[in-house]
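This report refers to the structure that appears directly beneath it.
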Amino acid sequence: MKPSPLSLGHERVAALETAFEILRAAWEGFDSARPGQPPTSASSLELLSRGLPGDGIGAISALREAECFLDESLAQSRPRFFGYVGSSGLEVGVLAEALSASHDVNMASVAATATMVEQQLIQWVSEFVGFGATHGVVTSGGMLSNLTALAVAREHALPGTRQTGSNGKGTLYISAEAHSSVDRSAELLGLGSNAVRAIPIDENRRMDVGVLESQIQADIANGFVPVAVVATAGTTLTGAVDPIRAISDVCKRNRVWLHVDGAYGLPAAATATAGALFDGISLADSATIDAHKWLFVPKACGVLLVRNNEALLATFGHAASYMVDADENPVDRTLEYSRPFRSLKLWVAFRAHGADAIRAALEDNVKLAQRLAAMVNETPNLELVVEPQLSIVPFRRLPMHGSVNQHNSDIAKQMQVDGDAYVTSAVVDGKTVLRPCFTNFRTTLDDVNELLAIVEKTGSMLENRSEP
Ligand SMILES: Cc1ncc(COP(=O)(O)O)c(C=O)c1O
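Numbering-wise, numbering that gives the first Met the number 0 puts 464 at position 465 of the sequence shown, and it's gapless, one number per residue.
Shown next, in the form of structure tokens:
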């Protein structure tokens, strides 16, 4: 029988060898930093101007074109990518991702062993961060995990809302520096972002628990129904961890769902250096943790931990006449329908390296952040703007003249153009800062030293250029 023209057929082995070569070259390239970031080449621009191809060029040529695009793209896997709290393309995770794609399992319905792998992985993640025995779901990331958790909390606080729509009574509580995915969730769930109460932060940038309780009680007195408090365990801006245990006490007294958004920071609960900051995590009703941030595996892989399976089912369960073969389908616990086997890459990562090695890599990142903070403190023309709680180090360079904010914004932009190290700027209490984040298992102390050298070189070049 003639194979489908969409099968690789006689090209299969050569295509595999090409993919292998491309991967090997990429990983060898990520082992150390490379100077500069190549611009989009003329040949890529030419390719990108073309319309839909009628005839194919074959797998090997197409893979080589993809290799060029990737080489010219910003890769978070590079050791001097300090830009965001992101993933870093853990090698074994990349391989498992390819395997998962090849079998193309659909996690919407019961998928035999894959369904059990996902459940085991959820238990492992829960154990790793000290959440305790749990249920949950593997999602596309923090946005979807937070949305899912808040949908569950809404149905828990206001049963029947999924049928009737929101009645304008539900409220949510976050710290003033929570991630915007909570506002987005409120908007999508019909609670409205006006229902989100941004509680002020204390001097350590953690939610003020006294104000939280007063606000909840005032809202209840005014006829509102508190749906959830979202404690952030590692804010995106500075890595601050809200006081989970104290917030849990408030939630318990007022019978409010506690969701912990640990999309970035929660893996650090497994470390000796930062673990104590997450005290009380075992009291939360649900928690978001992104494996595609600080558990190093490639995007996308988010884990939502939920203590009460019934609450998940009460929110997402549906009777569909085209899915009647199993008593319960995984889709009855999630927002998404067709869902890839995302959990496999994290399962393989835990199995291949062991939890201890992953914990040690987290510990290294936390220590590098502390080292950078110490180096900033020792340098007269640098100012540490926030002491790192986890692995984000907001600092700024103080120029001899001119606006400090403009200077630091210019440094970040210039560094992004030069491409020797990638860092972004951010605004903390009105101060524009450089905000290096350590979430990459490849980053070393050499890279940290080089980051400071590049900041100084770029800053002094800009300073000389704008001399009054
Ligand atoms: C604290 C926090 N929550 C949620 C998110 C959203 O996660 P994702 O980009 O995986 O949707 C982020 C992203 O940086 C985050 O830092």
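Backbone N, C-alpha and C fix where the C-beta goes; we use that ideal spot for every residue, glycine too.
Quiz item: Just to confirm, does residue 222 get its C-beta within under 6 Å of one of the non-hydrogen atoms of ligand 3?
Solution: With respect to small molecules bound, the structure shown includes ligand 1 and not ligand 3.
Self-check item: Rounded C-alpha distance that separates residue 354 from residue 300
Solution: Taking the first residue of the sequence shown as 1, we reach residue 354 at position 355. Taking the first residue of the sequence shown as 1, we reach residue 300 at position 301. Those two C-alpha atoms are separated by around 17 Å.
Exercise. Assign residue 400 to one of two classes, buried (16 or more other C-beta atoms within 10 Å of its C-beta) or exposed (fewer than that).
Key: The residue labelled residue 400 in the question sits at position 401 within the sequence shown. Burial state of residue 400 is exposed, judged by a 10 Å Cβ sphere holding fewer than 16 other Cβ atoms.
Practice problem: With a cut-off of 8 Å on the beta carbons, I'd call residue 440 and residue 87 a contact; round off their distance for me. | Solution: Residue 440 sits at position 441 when you count from the first residue of the sequence shown. Residue 87 sits at position 88 when you count from the first residue of the sequence shown. Taking a contact as a CB-CB distance under 8 Å, the pair residue 440 and residue 87 counts as one, their CB atoms being some 6 Å apart.
Quiz prompt | Start and end residues, beta strand (DSSP E) containing residue 382 | solution = Counted from its first residue, the sequence shown places residue 382 at position 383. From DSSP, the beta strand (DSSP E) with residue 382 extends over 381-383.
Quiz item: Can you give the Cα-Cα distance for residue 232 and residue 145, rounded to whole angstroms?
Solution: The residue given as residue 232 occupies position 233 in the sequence shown. The residue given as residue 145 occupies position 146 in the sequence shown. Across the structure, residue 232 and residue 145 are spaced so that their CA atoms are roughly 13 Å apart.
Quiz item: From which residue to which residue does the alpha helix (DSSP H) around residue 292 run?
Solution: Stepping through the sequence shown from its first residue, residue 292 is reached at position 293. From DSSP, the alpha helix (DSSP H) with residue 292 extends over 290-293.
Quiz prompt | Simplified DSSP assignment, three categories, for residue 260 | solution = Indexing the sequence shown from 1 puts residue 260 at position 261. Of the three classes helix, strand and coil, the one that applies to residue 260 here is strand, per DSSP.
Quiz item: Hey, is residue 178 close to ligand 1, as in C-beta under 6 Å from one of its heavy atoms?
Solution: Locating residue 178 in the sequence shown gives position 179, counting from the first residue. At least one heavy atom of ligand 1 falls within 6 Å of the beta-carbon of residue 178.
Practice problem: Flag this pair as yes or no: are the beta carbons of residue 245 and residue 205 separated by less than 7 Å? | Solution: Counting from 1 along the sequence shown, the entry for residue 245 is found at position 246. Counting from 1 along the sequence shown, the entry for residue 205 is found at position 206. 7 Å or more divides the Cβ of residue 245 from the Cβ of residue 205.
Exercise. Go ahead and pull the three-state DSSP assignment for residue 333.
Key: Sequence index remark: in the sequence shown, residue 333 carries index 334 (1-based). In the displayed model, residue 333 falls within coil according to three-state DSSP, outside both helix and strand.
Quiz item: Around the C-beta of residue 214, are 16 or more other C-beta atoms found within 10 angstroms, so that it is buried, or is it exposed?
Solution: Within the sequence shown, the letter at position 215 stands for residue 214. That one is buried.
Self-check item: Backbone CA spacing between residue 423 and residue 186 [nearest angstrom]
Solution: Position 424 of the sequence shown holds residue 423. Position 187 of the sequence shown holds residue 186. Spanning the two alpha carbons is a distance of roughly 28 Å.
Quiz item: ligand 1 heavy atoms versus the CB of residue 314: any closer than 6 Å?
Solution: Residue 314 sits at position 315 when you count from the first residue of the sequence shown. Outside the cutoff, so no.
Quiz item: At which residues does the alpha helix (DSSP H) containing residue 144 begin and terminate?
Solution: In the sequence shown, counting from the first residue as 1, residue 144 sits at position 145. 141-156 is the span of the alpha helix (DSSP H), which, as asked, contains residue 144.
Quiz item: Using a Cβ-Cβ cut-off of 6 Å (strictly less than) and excluding sequence neighbours within five positions of residue 92, which residues of its own chain qualify?
Solution: Walking along the sequence shown from the start, residue 92 turns up at place 93. If you ignore the 5 residues before and after residue 92, its C-beta comes within less than 6 Å of the C-beta of 296, 297, 344, 348, all in its own chain and listed in chain order.
Quiz prompt | Distance CB(residue 148)-CB(residue 258) smaller than 7 Å | solution = As a working note, residue 148 is residue 149 in the sequence shown. As a working note, residue 258 is residue 259 in the sequence shown. Going by C-beta atoms, residue 148 is nearer than 7 Å to residue 258.
Practice problem: With distances taken Cα to Cα, identify the nearest neighbour of residue 125 among 293, 303, 18, 322. | Solution: As a first step, residue 125 is located in the sequence shown; it is residue number 126 there, counting from the start. By alpha-carbon distance to residue 125, the top candidate from 293, 303, 18, 322 is 303.
Practice problem: Just the C-alpha distance for residue 56 and residue 102, rounded to the nearest angstrom, thanks. | Solution: Position 57 of the sequence shown holds residue 56. Position 103 of the sequence shown holds residue 102. Taking the straight line joining both Cα atoms gives about 25 Å.
Quiz item: Using the C-alpha atoms, what's the distance from residue 387 back to residue 63?
Solution: Residue numbering aside, residue 63 sits at position 64 when the sequence shown is read from its first letter. Residue numbering aside, residue 387 sits at position 388 when the sequence shown is read from its first letter. Note on geometry: alpha-carbon atoms of residue 63 and residue 387 lie some 42 Å from one another.
Quiz item: Cα separation between residue 266 and residue 368?
Solution: Locating residue 266 in the sequence shown gives position 267, where the first residue counts as 1. Locating residue 368 in the sequence shown gives position 369, where the first residue counts as 1. About 15 Å.
Exercise. Go ahead and pull the three-state DSSP assignment for residue 436.
Key: For the purposes of this step, residue 436 is identified with residue 437 of the sequence shown, where counting begins at 1. Residue 436 sits in a strand when the DSSP states are folded into three classes.
Practice problem: Run the CB neighbour count on residue 15, radius 10 Å, all protein chains shown included, and call it buried at 16 or more, exposed below. | Solution: Taking the sequence shown and counting its residues from 1, the one referred to as residue 15 is at position 16. Exposed.
Quiz item: Cα separation between residue 79 and residue 460?
Solution: Taking the first residue of the sequence shown as position 1, residue 79 is located at position 80. Taking the first residue of the sequence shown as position 1, residue 460 is located at position 461. Those two C-alpha atoms are separated by around 20 Å.
Exercise. Could you tell me which residues DSSP pairs with residue 321 in its beta bridges?
Key: In the sequence shown, counting from the first residue as 1, residue 321 sits at position 322. Answer is none; residue 321 lacks a bridge partner.
Quiz item: Comparing the CB of residue 263 with every heavy atom of ligand 1, is any distance shorter than 6 Å?
Solution: Residue numbering aside, residue 263 sits at position 264 when the sequence shown is read from its first letter. Correct: residue 263 has its Cβ closer than 6 Å to ligand 1.
Quiz item: Just to confirm, are residue 351 and residue 109 a CB contact at a threshold of 7 Å?
Solution: Numbered from 1 along the sequence shown, position 352 holds the residue referred to as residue 351. Numbered from 1 along the sequence shown, position 110 holds the residue referred to as residue 109. A distance of 7 Å or more separates the beta carbons of residue 351 and residue 109.
Exercise. Work out the CA separation of residue 394 and residue 429 for me, nearest whole Å.
Key: Start at 1 with the first residue of the sequence shown, and residue 429 comes out as number 430. Start at 1 with the first residue of the sequence shown, and residue 394 comes out as number 395. Their Cα atoms are separated by approximately 13 Å.
Quiz item: By the 10 Å Cβ neighbour count, where 16 or more other Cβ atoms means buried, how is residue 315 classified, buried or exposed?
Solution: On the sequence shown, position 316 is the one that residue 315 refers to. Residue 315 counts as buried, since at least 16 other C-beta atoms from the protein chains shown sit within 10 angstroms of its C-beta.
Practice problem: Find out if the Cβ-Cβ distance for the pair residue 226, residue 156 is shorter than 7 Å. | Solution: Numbered from 1 along the sequence shown, position 227 holds the residue referred to as residue 226. Numbered from 1 along the sequence shown, position 157 holds the residue referred to as residue 156. The answer is yes: Cβ separation under 7 Å.
Quiz prompt | Start and end residues, beta strand (DSSP E) containing residue 174 | solution = Locating residue 174 in the sequence shown gives position 175, where the first residue counts as 1. It spans 169-174 - the beta strand (DSSP E) in which residue 174 sits, taken as one unbroken run.
Practice problem: Identify the continuous alpha helix (DSSP H) that holds residue 65 and give its terminal residues. | Solution: The residue labelled residue 65 in the question sits at position 66 within the sequence shown. Per DSSP, residue 65 belongs to the alpha helix (DSSP H) from 58-70.
Quiz item: So residue 287 packs on residue 361, CB below 8 Å; how close in whole Å?
Solution: Here residue 287 corresponds to residue number 288 of the sequence shown, with the count starting at 1. Here residue 361 corresponds to residue number 362 of the sequence shown, with the count starting at 1. The pair is not a contact, with the Cβ atoms about 17 Å apart (cut-off 8 Å).
Quiz item: Do residue 435 and residue 106 have their C-beta atoms within less than 7 Å of each other?
Solution: What you label residue 435 is simply residue 436 of the sequence shown in a count that begins at 1. What you label residue 106 is simply residue 107 of the sequence shown in a count that begins at 1. Annotated as distal: residue 435 and residue 106, with beta-carbon spacing of 7 Å or more.
Practice problem: May I have a chain-ordered list of the beta strand (DSSP E) segments no shorter than 3 residues that lie completely inside the stretch 347-399? | Solution: Complete beta strand (DSSP E) runs here, min 3: 381-383, 394-396.
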